[in-house]
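Quick note on the working numbering: the sequence shown kicks off at 556 and runs consecutively.
No residue lacks a Cβ here, since even glycine has one placed at the ideal position from N, Cα and C.
Given the structure is predicted, the values throughout are model-derived calculations rather than measurements.
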Amino acid sequence: MLLFVGSYAEENENGVELFEFDEATGQLKQLAAYSGLKNPTFLNVNAENNSVYAICELVNEDGSKSGALAHLLYDEQGFELVKLQPSVAGTTCHIQRDKHNKALFVTSYHGGMTGLIKLNPDGTLGDLADVVQHTGSSVDPERQDRPHPHSSFFSPDGRYLYVQDLGLDLLVAYTFDAEQFKLIKTGETKLPGGSGPRHLAFHPSKPLAYVINELNSTVSVFGYDATTGALNELQHISTLPDGFSGENGTAEIQVSADGRYVYGSNRGHDSIVVYAVDEQGKLTLVQHISSGGGHPRHFTLTPSGQYLLVANRDNNNIVVLKRDAETGQLSTTGQEAFSTKPVCLIPIQ
């Protein structure tokens with residue numbers, strides 16, 4: 556298994572890394588790394604044409620920052636930069652690609668916008684084709700005084716793109732017009748004030764969606780209508796153990812391939828929370844386990860489901876946790892690898 560890592564890195568640091576993961580031993584071995592990009596935090600990997608698309612930053616003549624996109628080609632010997640170009644006016648925090656490889660979608664937390672960038676048939680970067688700007692605010696005067704889109708995820712059939720806006724407590728649904736290269740708003744779902752939705756994951760076989768909320772440390776469960784794209788609230792559940800009173804902000808959420816378990820990360824409590832999924836899709840707590848470092852900004856389940864790998868930004872490590880497929884529980888392995896401020900983990904089998 557290959558593991559691609561994006562990070563908070565200066566241009567002289569290894570910002571994009573490639574590791575090999577041995578599932579027999581649980582060991583990670585670095586194969587290649589690329590420097591020269593400022594904060595290539597989130598990645599999207601197309602293994603069919605050996606492409607890595609990385610969001611990063613550019614500094615303008617007036618000293619302000621703006622978003623950028625890098626296209627890299629990879630093999631096990633290294634990375635090659637194909638193109639680096641501006642994306643949207645604001646710095647970006649997430650990247651998505653449609654299933655037909657027509658476009659990339661970047662979200663700008665600070666700019667309050669989502670940008671659509673064309674992909675050429677050969678996988679190279681095309682032009683910025685559309686930008687949708689969110690407006691408004693929510694209840695937290697410090698974190699929600701304006702829009703803060705944090706991610707975009709497609710529905711399982713690729714019909715709807717959901718943008719999670721932490722600043723507005725909204726999930727905004729769009730369709731992607733691949734002929735006109737436009738994003739068309741089709742609806743929105745309001746969360747309780749002060750939730751701060753960050754990332755979303757769909758159930759692999761049931762019409763369900765799970766959203767992790769950064770500001771109030773909860774997971775929201777929604778029924779999903781594939782015909783209209785509507786999301787209907789079913790449950791809100793805490794990501795924290797009873798009695799925890801420290802500061803915390805959540806980050807990533809994923810669902811196991813069999814749909815029986817949901818995993819989330821806590822930054823502050825520095826843990827992975829594990830839930831069991833019942834027949835209606837609602838969650839019950841199974842476990843909290845240490846992430847093995849500070850600020851677990853992202854994690855990934857391996858394609859086999861045997862492991863969960865955690866990117867701990869503040870400890871500069873990627874920690875390997877073993878997963879029991881039957882119980883969903885995680886256990887420590889003692890295995891980890893050094894990585895400078897890792898933010899994003901993408902596994903490719």
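Val-571 is not a Cβ neighbour of Phe-660, given a cutoff of 8 angstroms. Listed in chain order, the non-local C-beta contacts of Phe-799 below 8 angstroms within the same chain comprise His-824, local neighbours out to five positions each way being set aside.
It is roughly 44 angstroms from the alpha-carbon of Ser-846 to the alpha-carbon of Glu-734.
Here Asp-653 carries a coil assignment [DSSP, helix/strand/coil]. Beta-bridge analysis with DSSP links Asn-768 to Pro-752 and Thr-773. Under the criterion of beta carbons closer than 8 angstroms, Leu-586 and Leu-864 do not qualify as touching, at roughly 15 angstroms. By DSSP's assignment, Ala-812 forms no beta bridge with any residue.
Setting aside the 5 residues that flank it on each side, Tyr-816 is surrounded in the same chain by Val-810, Val-829, Tyr-830, Ala-831, Val-832, Val-841 and Gly-883, each with a C-beta closer than 8 angstroms to its C-beta; the list follows chain order. Inter-residue distance for Ala-806 and Gly-581 is about 24 angstroms (C-alpha atoms, whole angstroms).
Remark: C-beta atoms of Thr-646 and Lys-620 approach each other more closely than 8 angstroms.
In the structure shown, the three-state DSSP call for Asn-787 is strand.
DSSP places Ala-609 within a strand segment (E or B) once states are collapsed to three. A direct Cα-to-Cα measurement between Ala-781 and Ala-602 gives close to 28 angstroms.
Residue state for Leu-716 is assigned as strand, using DSSP reduced to three classes. In the structure shown, His-758 adopts coil according to DSSP, grouped into three states. Taking 8 angstroms as the upper bound for CB-CB distance, Tyr-664 and Val-898 are not in contact here, some 13 angstroms apart.
Taking C-beta atoms as the reference points, Ser-707 and Thr-669 count as a pair closer than 8 angstroms. Taking all protein chains in view, the Cβ of Gly-819 is crowded by 16 or more other Cβ atoms within 10 Å, so the residue is classified as buried.
Contact annotation: His-754 and Gly-836 have beta-carbon atoms that are not nearer than 8 angstroms. Between the alpha carbons of Ser-886 and Gln-790 lies a distance of about 27 angstroms. Scanning Gln-904, Glu-631, Asp-720 and Asp-653 for the CA closest to the CA of Thr-730 turns up Asp-653. Residue pairing for Glu-566: DSSP places it in no beta bridge.
Met-556 and Pro-676 have their C-alpha atoms some 27 angstroms from each other. Three or more Cβ pairs drawn from the stretch 690-705 and the stretch 742-751 lie within less than 8 angstroms of each other, which places the two stretches in contact.
The distance from the Cβ of Gly-722 to that of His-703 is about 3 angstroms, consistent with a contact at the 8 angstroms cut-off. In this structure, Gly-848 and Asn-867 form a Cβ contact; the two beta carbons are roughly 3 angstroms apart against a cut-off of 8 angstroms.
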